[in-house]
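1 is the number of the first residue of the sequence shown in the working numbering; add one for each residue after it.
Note that the Cβ used here is the ideal one computed from N, Cα and C, for glycine as well.
Given the structure is predicted, the values throughout are model-derived calculations rather than measurements.
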Amino acid sequence: MTHQSNISHKKKVTASAPGKLMIMGEHAVVYGYPCIVSAVNKYLTVKINISKEKKDIIITPGFSDNRFVKEALISFRDKFSLKESIVLKTRSELGNFGLGSSAAVTVAILKALAKIFSLPLSRKELFNFAYKIVQKVQGIGSGFDVAAAIYGGTIYFSKRGEVIESLPTSGMNLVVGYSGVKAETVSLVNLVRQKRRDYPKGIEEIFRNIAELVEKAKMAILTKDWERLGTLMNFNQDYLENLGVSNEKLNSMILAAKNAGAYGAKLSGAGGGDCMIALVSKKTEDSIKKAIEKVGGEMVDVKVGTEGVKIEQ
Ligand code: MEV
């Protein structure tokens, strides 16, 4: 598609995309199985304006990895044959907790560029475009984080994004604990891939079992059966331990949450670090938070089910 330079474009645009928390189905989702993911109320904001300079100016405080930013710009320019230089600034509330900043920054940049150049990009097109960029940079990934950044809320995600269904979030009360260690997503996905090569039958069976739990979890969310969802999360955690992606710190935080009365608890994401989540009632929330902190977890104050990417007015 060629961009007509006589299309009037906006001078300045700000877009923000939310981070995510994996509720259930990590790792299996990489192989096309379903997962459930929620967007969280921490945002990655991108401000773009068109500049008269020859070169782009990119300011990304706190970002150690600019590959997603650069690739998003290159891909967008290629797709729409754009020549203009821009000034791009990011601001992140996502921290280093594994809340999905790569997907959020990619989505927010594409959304802002589409707006500033008045180019139509449906949610589905935005998903396909952003997922391709994340895949190109990272080499792996199911795209669930890209979908969460775009669609927001809580979603059932399957077949690498062919199926994206919105689920209700209200009443789903989660407590999030950071383990203090940054997860190495790519190495963990590769570790599971190697296990799948070495033990194809066993690992595939684990994935199928996880998928079955996800289907049941979808029903539990639809019927707001939190006790059942908690039990399903606990089973999911057992399978993740079998896959070898949990660690002692996460296990002790999960156990502490369960002992303090959580409906269920599990790691969230690739494992090996980052965060654990516990499903709690309003009544048990405070004591569960204290129990997690007591074993060295850091509480991350987020709410699930927030809106997807949007243009700030
Ligand atoms: C990482 O947050 C979740 C994984 O399933 C990888 C992915 O789906 O891209 C391990």
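For residue i, collect the residues of the same chain with a Cβ closer than 7 Å to its Cβ; drop the 5 residues on either side in sequence, then sort them by chain order.
| i | result |
| --- | --- |
| N49 | K11, K12, I86, V87 |
| G32 | K159, R160 |
| S287 | A260, G261 |
Confirm the yes/no value for this check: CB of residue i, any heavy atom of the ligand MEV, distance under 7 Å.
| i | result |
| --- | --- |
| L188 | yes |
| F144 | yes |
| I24 | Residue 24 is actually Met in this sequence, not Ile. False, no ligand heavy atom lies under 7 Å from that Cβ. |
| G177 | no |
| T185 | yes |
| G141 | yes |
Check this for me: beta carbons of residue i and residue j, under 8 Å apart or not?
| i | j | result |
| --- | --- | --- |
| G19 | G152 | no |
| L110 | F129 | yes |
| S16 | A108 | yes |
| A278 | V175 | yes |
| H27 | L250 | no |
| L44 | S92 | yes |
| V214 | G25 | yes |
| V137 | A103 | no |
| G98 | G177 | no |
| I292 | A256 | yes |
| V29 | F235 | no |
State buried or exposed for residue i, treating a residue as buried only when at least 16 other CB atoms are found within 10 Å of its CB.
| i | result |
| --- | --- |
| P34 | buried |
| M1 | Residue placement at M1 is poorly supported in this model, since its pLDDT is 48, which falls under 50; the coordinates still yield a value, given next. Per the 10 Å Cβ criterion, exposed. |
| V323 | The structure shown does not extend to residue 323, since the chain is modelled only from 1 through 313, so no value can be given for it. |
| M219 | exposed |
| S118 | exposed |
| R196 | buried |
| S81 | exposed |
| Y131 | buried |
Near residue i, which residues of its chain fall below 6 Å by C-beta distance, leaving aside the five closest residues on each side in sequence?
| i | result |
| --- | --- |
| N6 | Note that N6 scores a pLDDT of 43, beneath 50, so its modelled location is shaky; the value from the coordinates is reported in the next line. Closer than 6 Å at Cβ, skipping near neighbours: no residue. |
| Q4 | Since pLDDT at Q4 reaches only 46, below the 50 mark, its modelled position is unreliable, and no value is offered. |
| I57 | V87 |
For residue i, which of the options has the nearest alpha-carbon?
| i | options | result |
| --- | --- | --- |
| T306 | A217, R193, G141, I155 | I155 |
| S142 | L121, I164, R123 | I164 |
| A183 | D301, N247, K52 | N247 |
| L21 | Q194, V146, Y239, R77 | V146 |
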